[in-house]
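>
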Amino acid sequence: MSDYVPVNVKGVYFVSTITGPQAVVFLSDNGDMMVPIYIGPAEAISIDVALRKETTPRPMTHDLLKTIMDNFSIGIDRIIIDDLDEQVFYARLMLQDGDRQVEIDARPSDCIALAVRTNASIFIERNIMDKVSIDRKDIEAAGNLEDFAE
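Residues 152 to 301 (the numbering used here) make up the sequence shown, in order.
#1: According to the neighbour-count rule (16 or more other Cβ atoms, all chains shown, within 10 Å of its Cβ), is S284 buried or exposed?
#2: Following the continuous beta strand (DSSP E) through T168, name the residue where it begins and the one where it ends.
#3: Quick test of the definition: if touching needs 3 or more C-beta pairs under 8 Å, does the region 152-172 touch the region 244-257?
#4: Is it buried or exposed, F177, if we count other Cβ atoms within 10 angstroms and call 16 or more buried?
#5: What are the boundary residues of the beta strand (DSSP E) that includes A257?
#6: Nearest CA to the CA of S224: which residue from I231, L216, I230?
#7: Look at the Cβ atom of E194, then the Cβ atom of D261, and state whether they are nearer than 9 Å.
#8: Taking 9 Å as the cut-off, decide whether the C-beta atoms of I188 and V200 are in contact.
#9: Residues in the same chain with beta-carbon distance under 7 Å from V253, minus the five sequence neighbours each way, listed in chain order, please.
#10: So, are the CB atoms of L190 and P259 less than 9 Å apart?
#11: Under the rule that 16 or more other beta-carbon atoms within 10 Å means buried, what is R203, buried or exposed?
#12: Please report the distance separating the alpha-carbon of S179 from that of P192.
#13: Using C-beta distances below 7 Å, list every residue in its chain close to D248, excluding the 5 sequence neighbours before and after it, in chain order.
Okay, structure coming up:
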């Protein structure tokens, strides 16, 4: 895993872009560098609900998947964001089923939603981090996001 950087979810925000409002989740290496990943509104809500440790009246899709995994004793070993092609991120969900490891191709937003619910580690490929990360100060200077409070 030496080519991977551990990251944490810093928050989900709605930003104004040329094409209109979009949701973005920020991942940080616990320093000043942030990786923005644009995601769909449903996934943004799911991640935000989990970050706030709120519950919804009925289980959301990611809650359902976590419940199924818990009932079958399948755990998330880690999340890996390991590819970027034409501004589209790709991720893998690394599952542990007893002695068996299972690797599942998945959208980063779904992986992040599950990681937040299970406290699973998230890693991003170092070259991707170097290529797309933005200094936290530059994001705050743009003024269109809430403060990145810890």
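Beta carbons are placed, not taken as given, at the ideal position from N, Cα and C, and that holds for glycine.
In this structure, then:
#1: Buried, since its Cβ has 16 or more Cβ neighbours within 10 Å.
#2: Its beta strand (DSSP E) spans residues 155-168.
#3: Touching, no.
#4: Counting of Cβ neighbours within 10 angstroms places F177 among the buried residues, the total reaching 16 or more.
#5: Segment 251-257, the beta strand (DSSP E) holding A257.
#6: Nearest option by C-alpha distance: L216.
#7: Their beta carbons are under 9 Å apart, which means E194 touches D261 by this criterion.
#8: Note that the C-beta distance between I188 and V200 is not below 9 Å.
#9: Take V253, set aside five residues on each side of it, and the residues of its chain with a beta-carbon closer than 7 Å to its own are L246, in chain order.
#10: A quick correction: the sequence has Ile, not Leu, at residue 190. Yes, these two residues count as a Cβ contact at 9 Å.
#11: The residue is exposed, with fewer than 16 neighbouring Cβ atoms inside 10 Å.
#12: Their Cα atoms are separated by approximately 21 Å.
#13: Hits under 7 Å: I225.
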